[in-house]
């Protein structure tokens, strides 16, 4: 990437972040009584005005509103990519890979439950031109073999094939999901390893490894708290990477801590500077908040276009999730203060 | 160039003819009617015409019906049918019942323009027929474009769809399915975020078409009756006579009388002084050149009927002051052309003023030797015409600056003296002796200010000195005393007690500051005219900058020349226009103009 393009991307991404939803916007949305009012606020008072320009906010469907906001995230990514270097295109596919995995897992769920419509409803067809297989073909899949046919020419086929069950009721969904997530992280880390160097490589690794590690923590917590999963099984399901936790730390948590003790451990760990002791809600809130703070730091202090782009996109994802939480909270008449506790900003 | 002379008229008719009389009054091109409440009083035994206006309710009901079904009520130009109140009541009841069904089914308030387009396409299928189907269910609505793509992904679809309309975000579709799959299909479309629009149970357009003619006829009738009833406010009843009293321009009286030909009414004309309790309306009358300046006068206040119309004076002084401040032959010519063209095209009075000030701008531009900022082009002409070395008036000459500024103050002083004379003439007409003799804008003020003007001119220009006690006592001392004792002296002339309202102590204190303020205002008002000279310099300075830029920019010079001239014309023209208006209002109007007139309004303009 030329210096000019790098500067443009950095400036553009930082300027776009400057237009983010502010705490006062969240407060204003939390005071709304209906989804239509939130839609109207987003359309008239935030930077989502462009993507929501043609909508009829009075009657817009909640799902449609969420879909448009997610679509806007992808469009922002695409618009920033215009400034990015094509030689590093492999790295920028991280978002697409994540989405592809998500669609494969959703497809399996759909033919497992025979609820094909829900899968179609949520399918991001706007990604079709970017994906390595035709995601719309997944809509026609009714069996495991048909799925393997659709993704046969991709790396996913080999992973998914390993989990092919004799009967769908025996399917190891968690295992398959973990394997695909591991593939995602492996792929991205390999690209970082080969395409980048120096401080840039170090920062990109920091961002992704933090994500993996916090995902591991979440997984451990949930497996312990809700499924009472044995330690050996937990170790199989988590990604074998470490950043701020050593392998010894992680093994200690898995072997000796219960779900609540895990929080204490996290609060005293190297993540302590990024945690939010004021608002302890649930494990995802905690891990996402840590991730959010780390990305805010990267965005504020880095001038490297790849770091800025990546941290901007991850922060934007958090923002989109906040809006979705508000919309759903209002739809299901949850008290504003309860919704507010879920928001990360 | 004055205020139109009026005649007081009274038009009277019998009970059987008064409606026809009102109809003629309503269409009259000359009548300004007076409200009956100002005519009728206990002494003259008159009464008001008071009949409940039921047609106002009918009109509102019809408009509400129209609004709820999306039909615009419009009266026909001529009345085709008349109705009794019973007929109207029955008709309204009938349509209200019928259209209530329609408005319920249309839900017109919640539909967008695009929804209407989609419904219009769907109308081809016949709404009633769709609802009458026993085995097929229909649905329609807005489907997000993203969801439209997904329709093709659904295998074994149990429905068919048709596109009705599309925008960048949505496609409006209608779908049909068998009753067996209706619920499943609806759920599926919900999942695809279909925003459903209810298919109307009946076709409102058909019903509207059926009632349109009669609705319009009834509305036309009610509207006309309502209008006529609203004119009852002008009718007073004296015994059996229904009378409308008003004012008509004296010159149009005969034409006004002919408007009532063929109707059994009597039209009597009187002098305006015959009804001292009625204030005649003011209708300004000016020629083509000065008519646009009426706008400036009425913006301030309309002159009273018995006052003087200052439009001509405003026109002359406005053009004169603007011309001096915006003196440029070329730019003035453009103002003249542009202003007159816009006046002709749009009848805009401001454009008319722009056109007229263009003339004086050209005259002073010629005297200043300035054409589109070029200060040399007219030098040969000036040499030939005025036998001068360079130009007759060279505003950019440093030696001329002081002369220019003093001239501006002299112009201001002359205008102040003229406005004082106008003020005195006005008070003489009204026999308001106190204001005429003792006020700062009356004789005392004129003597004081005029003396100072002559004395200063004599001292510095003509070489005589009248700044001596012999002159100062009657022309400075005496006027100040008169300013001071204006209130008690006025009371004395009017034969009232000379003791001031708030007592002597309070009077002395208040009047001391008032007189101080009067003396100060003579100075500040005169200085205010310095701006005239200031803007001459400012205009010339701005054009100098433009011409310098033209020289600097080489080949792009002509473009800079045009843009620079247009820029200066727009900016300077606006500023000078506003400043001149300020001088008119603050320095001149405040000295002689009171306003407070009543506008001449044709009775027809009420409706």
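Residue numbers (this note's numbering), protein chains in the order written: chain A, 1 to 345; chain B, 1001 to 1607. Every residue gets a Cβ at the ideal spot worked out from N, C-alpha and C, and that includes glycine. A quick note: this is a predicted structure, and the numbers were derived from the prediction, not measured.
Is there a C-beta anywhere in chain A that falls below 8 Å from the one on residue i?
{"i": "residue 1163 of chain B", "result": "no"}
{"i": "residue 1116 of chain B", "result": "no"}
{"i": "residue 1193 of chain B", "result": "yes"}
{"i": "residue 1183 of chain B", "result": "no"}
{"i": "residue 1109 of chain B", "result": "Because residue 1109 of chain B carries a pLDDT of 48, less than 50, the predicted location of this residue cannot be relied on, and no value is offered for it."}
{"i": "residue 1200 of chain B", "result": "no"}
{"i": "residue 1154 of chain B", "result": "yes"}
Let me confirm a value: residue i is counted as buried when at least 16 other C-beta atoms fall within 10 Å, else exposed. Which label applies?
{"i": "residue 1042 of chain B", "result": "exposed"}
{"i": "residue 1172 of chain B", "result": "buried"}
{"i": "residue 1543 of chain B", "result": "buried"}
{"i": "residue 1528 of chain B", "result": "buried"}
{"i": "residue 10 of chain A", "result": "buried"}
{"i": "residue 1580 of chain B", "result": "buried"}
{"i": "residue 1109 of chain B", "result": "Low confidence applies here, because residue 1109 of chain B scores a pLDDT of 48, under 50, leaving its location unreliable and the question unanswered by this model."}
{"i": "residue 103 of chain A", "result": "buried"}
{"i": "residue 1319 of chain B", "result": "buried"}
{"i": "residue 160 of chain A", "result": "buried"}
{"i": "residue 1440 of chain B", "result": "buried"}
Secondary structure at residue i, three-state DSSP: helix, strand or coil?
{"i": "residue 1590 of chain B", "result": "helix"}
{"i": "residue 1140 of chain B", "result": "strand"}
{"i": "residue 1538 of chain B", "result": "helix"}
{"i": "residue 1047 of chain B", "result": "strand"}
{"i": "residue 1497 of chain B", "result": "coil"}
{"i": "residue 223 of chain A", "result": "helix"}
{"i": "residue 1284 of chain B", "result": "strand"}
{"i": "residue 1196 of chain B", "result": "strand"}
{"i": "residue 8 of chain A", "result": "helix"}
{"i": "residue 1005 of chain B", "result": "coil"}
Looking at C-alpha atoms only, which residue of the options is the closest neighbour of residue i?
{"i": "residue 1589 of chain B", "options": "B:1542, B:1461 and B:1421", "result": "B:1421"}
{"i": "residue 49 of chain A", "options": "A:27, A:135 and A:20", "result": "A:20"}
{"i": "residue 1491 of chain B", "options": "B:1003, B:1277, B:1434 and B:1002", "result": "B:1434"}
{"i": "residue 1595 of chain B", "options": "B:1531, B:1157, B:1311 and B:1167", "result": "B:1311"}
{"i": "residue 1474 of chain B", "options": "B:1133, B:1447 and B:1510", "result": "B:1447"}
{"i": "residue 1282 of chain B", "options": "B:1293, B:1270, B:1248 and B:1314", "result": "B:1248"}
{"i": "residue 1358 of chain B", "options": "B:1342, B:1375, B:1338 and B:1367", "result": "B:1338"}
{"i": "residue 1075 of chain B", "options": "B:1220, B:1268 and B:1566", "result": "B:1220"}
{"i": "residue 1005 of chain B", "options": "B:1270, B:1353, B:1232 and B:1085", "result": "B:1270"}
{"i": "residue 1428 of chain B", "options": "B:1571, B:1296, B:1592 and B:1336", "result": "B:1592"}
{"i": "residue 1089 of chain B", "options": "B:1215, B:1286, B:1193 and B:1080", "result": "B:1215"}
{"i": "residue 1121 of chain B", "options": "B:1080, B:1569 and B:1163", "result": "B:1163"}
Would you report the Cα separation of residue i and residue j, rounded to the nearest angstrom?
{"i": "residue 1128 of chain B", "j": "residue 140 of chain A", "result": "38 Å"}
{"i": "residue 1557 of chain B", "j": "residue 1329 of chain B", "result": "20 Å"}
{"i": "residue 337 of chain A", "j": "residue 42 of chain A", "result": "20 Å"}
{"i": "residue 264 of chain A", "j": "residue 312 of chain A", "result": "30 Å"}
{"i": "residue 1560 of chain B", "j": "residue 1363 of chain B", "result": "26 Å"}
{"i": "residue 1303 of chain B", "j": "residue 1313 of chain B", "result": "13 Å"}
{"i": "residue 1493 of chain B", "j": "residue 1483 of chain B", "result": "15 Å"}
{"i": "residue 211 of chain A", "j": "residue 291 of chain A", "result": "7 Å"}
{"i": "residue 1346 of chain B", "j": "residue 327 of chain A", "result": "53 Å"}
{"i": "residue 325 of chain A", "j": "residue 77 of chain A", "result": "22 Å"}
{"i": "residue 1617 of chain B", "j": "residue 1470 of chain B", "result": "Past the boundaries of the shown model lies residue 1617 of chain B; chain B is included only from 1001 to 1607, so the question cannot be answered."}
{"i": "residue 109 of chain A", "j": "residue 15 of chain A", "result": "40 Å"}
{"i": "residue 334 of chain A", "j": "residue 149 of chain A", "result": "44 Å"}
{"i": "residue 1139 of chain B", "j": "residue 169 of chain A", "result": "38 Å"}
{"i": "residue 1582 of chain B", "j": "residue 1540 of chain B", "result": "21 Å"}
Using a C-beta cutoff of 8 Å, does residue i count as contacting chain B?
{"i": "residue 256 of chain A", "result": "no"}
{"i": "residue 60 of chain A", "result": "yes"}
{"i": "residue 44 of chain A", "result": "no"}
{"i": "residue 136 of chain A", "result": "yes"}
{"i": "residue 218 of chain A", "result": "no"}
{"i": "residue 47 of chain A", "result": "no"}
{"i": "residue 351 of chain A", "result": "Lying before the first or after the last residue shown, residue 351 of chain A is absent from chain A, which here runs from 1 to 345."}
{"i": "residue 327 of chain A", "result": "no"}
Confirm the yes/no value for this check: CB of residue i, any heavy atom of the ligand NAP, distance under 7 Å.
{"i": "residue 1247 of chain B", "result": "Among the ligands in the structure shown, none appear at all, so the ligand NAP cannot be discussed."}
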